[in-house]
Structure formats: C-alpha cells, structure tokens
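Trainee: Just so you know, the numbering used here puts 260 at position 242 of the sequence shown, and the rest follows in order with no gaps. All C-beta atoms, glycine included, are put in the ideal place defined by N, C-alpha and C.
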Amino acid sequence: MSIKWDHEVELLVVGSGAGAMTAALRAAHAGKDVLIVEKSARYGGTSATSGGGLWIPCNHLMPEVGVEDSREEAMQYMQALAAAEVAEQNIEAFVDQGPRMLKWMEANSHVKYMAMEHYADYYQDVQGSKTGARSIDPYAYEAKFLGDEFVNMAESHPQTRVMGLMGYTNIEGAVLLSKAPGWFKLVLQLSLKYFADIFWRLRSRRSRRLTMGNALVGRLRHSLLDHNVPIWLSAPAKKLIVENGKVVGVVIEKDGGQLNIKASDGVILGSGGFEHSQELRDKYLPSPSQAKWSSASPVNTGDMLLAGQEIGAASHLMDEAWWG
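1) Are residue 131 and residue 154 closer than 9 Å when you measure CB to CB?
2) Once the 5 residues before and after residue 254 are set aside, which same chain residues still bring their CB inside 7 Å of it?
3) According to DSSP, simplified to helix, strand and coil, what is residue 220?
4) Pull up the DSSP beta-bridge partners for residue 267, would you.
5) In whole angstroms, what is the alpha-carbon distance linking residue 168 and residue 236?
6) What is the DSSP secondary structure of residue 109, reduced to helix, strand or coil?
7) May I have the straight-line CA-CA distance separating residue 146 from residue 117, to the nearest angstrom?
8) Could you check the C-alpha separation between residue 284 and residue 110 for me, to the nearest Å?
9) Quick one: is residue 146 near chain C, going by C-beta distance under 9 Å?
10) Following a CB-centred definition, is residue 117 positioned closer than 8 Å to any heavy atom of the ligand MN?
11) Could you give the distance in angstroms between the alpha-carbon of residue 223 and the alpha-carbon of residue 212?
12) Sorted by chain position, which residues of the same chain lie with C-beta nearer than 6 Å to residue 78's C-beta, five sequence neighbours on each side aside?
13) Should residue 148 go down as buried or exposed, given a rule of 16 or more other Cβ atoms within 10 Å for buried?
14) Closest to residue 61 by C-alpha separation, out of 316, 193, 83, 191, would be which residue?
15) With which residues is residue 156 paired in a DSSP beta bridge?
16) Which of helix, strand or coil does DSSP assign to residue 27?
17) Does the region 157-177 touch the region 232-247, meaning 3 or more C-beta pairs lie closer than 8 Å?
18) Tell me, please, which residues DSSP counts as bridged to residue 73.
19) Taking residue 180 as the reference, give the member of 205, 188, 98, 70 with the closest Cα.
20) Sorted by chain position, which residues of the same chain lie with C-beta nearer than 6 Å to residue 37's C-beta, five sequence neighbours on each side aside?
21) Around the C-beta of residue 299, are 16 or more other C-beta atoms found within 10 angstroms, so that it is buried, or is it exposed?
22) Tell me whether residue 238 sits in a helix, a strand or coil according to DSSP, three-state version.
23) Could you pull the DSSP bridge partners for residue 272 from this structure?
24) Ends of the alpha helix (DSSP H) at residue 21?
25) Whole angstroms is fine: what's the gap from residue 105's alpha carbon to residue 252's?
26) On the DSSP bridge list, what partners appear for residue 52?
27) Taking the CB atoms as reference points, tell me whether residue 290 and residue 63 lie closer together than 9 Å.
28) How big is the Cα-Cα spacing for residue 228 and residue 102?
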C-alpha cells in the first residue's frame, strides 16, 4: 500500500537538544533540506537546562590553558571506565571524532567554547585522567541575536541562575558557589549587565545573557537560522515509517492531526531518554526510581526508544544514567 506523504525533506531530525541540533546543522551546511520536529512547546530539550559542558579529550583548546593530552591517555582512561560494556570501535570513534567535531563547529557555526583548566576528570585515580581542560564550557551568548526565536527556547534551570534571574558560566559558578575572592564583585557585574538591558527588562524578567546549556542551544539555534532550518514545535513524533527494511519517514502529530513526513536521506533520533516514564524506569533502572526525581525535560518519556524497539532496533546500557 502506498503511503500518502504530507511533507517531504531530505533529513528529518526528531528532537531539538544539542546533539539533534548539531546533526541538523552539519547536514544543512552540506546543503541538505532539513526539518527538526520537537515534542515540547519550546526547543532545546534537556540541553537547554543543563550545564552545557562537553567532555572532549585531545580538544584543540587544551594547549591554551597549558594542558597536554594524547590519544593513548584518552583511550586508556575511557577503556578503564567502560570496561567490556562498550565496543572498542565506539570508544575509538569518540576519541578520534570528538576533537574533529569541536573544531568543525567552531569553524562553521556560532558555537564557541573555552577549556576549563581546573575542571578535573571525575576519576583521578584512573590512568590516563587529566586534572582539567578536557571539560569545556560554552561562552556566554547574547540572545538578542536570536530575535523572536529566543522566547521559544526552554529556560535554564533555576539552580543555574543568581536570584533566579541571572545566568552564570561554569567558571563563574565555581567562584559564586564557593564564595571565592571576587564573588561579590561578580554578582554586582552580573546584576549591572542584567538591569542595563532596559528595553528587554520592560518585556521580561528573563535574562538575555545566556550561559551554560542556554548558551549552547542559543548558539546552535542561531547557526541553524543562518541555514533557514525550521523547528516545528509541539510536534511529537509517534511512529517510524519503514519500507523494505529501511526507515523512510516518521508519523508526527501537529495541530491536532497526524502527518506523514518523508525523509529521503534518513531520520535522526535525538529525542532524549525515558526519565519521565515511570513504566520504563521500573523496567530498566535500579530500584527505587521515581520520575519526579528527574531534572530532565518533562517530555522525555522514551517515545522514540519504544518506536525503535518496535521495528527491531537494538538498545544498550539501559540501566545507566547521569546520576546525581
């Protein structure tokens, strides 16, 4: 039976977090017709509320803060932590392609990072670890460059805002949270920048100086706007469409109806995890486990995980999470 297609693109990306937006940007830069569909009424996903930091060994920013790294040390560290749980080629792909990805992003988008000299690898007793600089922090970003698209971005987490108003970078946060020398001066500087944005203050309490995950997502959205990549909000993906063993499109919900979206070059699933599905938490995660404990995006209920499993896709490490 032939499928009636309501919309066609070359690449369809499900989700609008940092990974999904990066994939969309890379394809758009290569000249592809790209569409992003997002379940929530705002884009950015958990990435927008996160710290926005990346862990990239051997990144090109490390020499700027005097830290040396090598492929051998990075492989040694990751192999020790992953043990036999992760395929060797996956670790190699991350170590080899992570630095390449970061260089490409800084050369071809508005994404800009700084190496955090004193942000140590978490497992200092493991061979190959570094005392800093593999973890990188996005530079603050001015949301005025997004225009009206700013109001469609998910807000940063309340814990990453001074007095619930002003964002701070990870490096600024280290000063503020420890009340290190200069912390009060920093609060005054942040306050001055916040209240000096008089035009925007008349419209919203939300700061246009974006930091952490909001800075990363803002920079990515700016880059996507440069390539005219649309994001359809409140458009949850419901089912993968398969023909002859190949995913050729997705069924989405939009404006109260269902649409069949054809993707001639493929579909990328960047739709987050299952943090807010109690059923899936009970099935996969260590007990006890409550969905209300999660600070991830509340729309992360594992929709595309289930859709992938329905067509026979493999899954792995389902009992793992970013625990806190």
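Mentor: Once the coordinates are examined:
1) The answer is yes: Cβ separation under 9 Å.
2) 57, 270, 271, 321
3) coil
4) 259, 280
5) 8 Å
6) DSSP places residue 109 in helix when its eight states are reduced to three.
7) 17 Å
8) Taking the straight line from one Cα to the other gives about 25 Å.
9) Considering every chain present, this structure includes no chain C. It has just one protein chain.
10) Although the ligand MN was asked about, the structure shown includes no ligands whatsoever.
11) So the alpha carbons of these two residues sit roughly 9 Å apart.
12) 121
13) Classification for residue 148: buried.
14) 316
15) 131
16) Of the three classes helix, strand and coil, the one that applies to residue 27 here is strand, per DSSP.
17) yes
18) 153
19) 205
20) 288
21) buried
22) helix
23) 275
24) Premise fails: residue 21 is in no alpha helix (DSSP H) and is neither H nor E.
25) 36 Å
26) In the DSSP output, where bridge partners are listed per residue, residue 52 has 29.
27) yes
28) Between residue 228 and residue 102, the alpha-carbon positions lie close to 39 Å from each other.
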